[in-house]
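Residue numbers (the UniProt record's numbering): 1 to 86.
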């Protein structure tokens with residue numbers, strides 16, 4: 001199974017949220033912008049050392065996000081607004 005990890009998921013894994021435990025062993029597919037948000041959040045909330053340690057620990061696979069992906073994701077999110085998707 002392949003999962004896309006948004007910033008929130010990465011932060012919750014770092015915090016040890018038990019709801020995200022089952023996702024810890026999967027390869028981490030994310031975008032460079034999600035990584036930016038994650039790294040910035042860790043710097044802000046924790047320390048530079050924590051941010052650097054997590055960067056080394058995470059086996060990140062960056063995917064390209066194209067304009068069409070943004071359009072499709074936006075339309076999907078709006079159609080499913082009652083689901084409160086992030």
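Don't be surprised by glycine CBs; every beta carbon is placed ideally from N, CA and C.
Keep in mind that this is a model prediction, so the values were computed, not measured.
A direct Cα-to-Cα measurement between residue 42 and residue 50 gives close to 7 Å. For residue 70, the uninterrupted alpha helix (DSSP H) run begins and ends at 67 to 79, by DSSP. In this structure, residue 61 places its C-beta atom within 8 Å of the C-beta atom of residue 28. Proximity to residue 1 across 21, 18 and 25 peaks at 25, based on C-alpha coordinates. Residue burial is scored here from C-beta neighbours: residue 5 has at least 16 other C-beta atoms within 10 angstroms and is therefore classed as buried. If you draw a straight line from the Cα of residue 77 to the Cα of residue 57, it is about 31 Å long.
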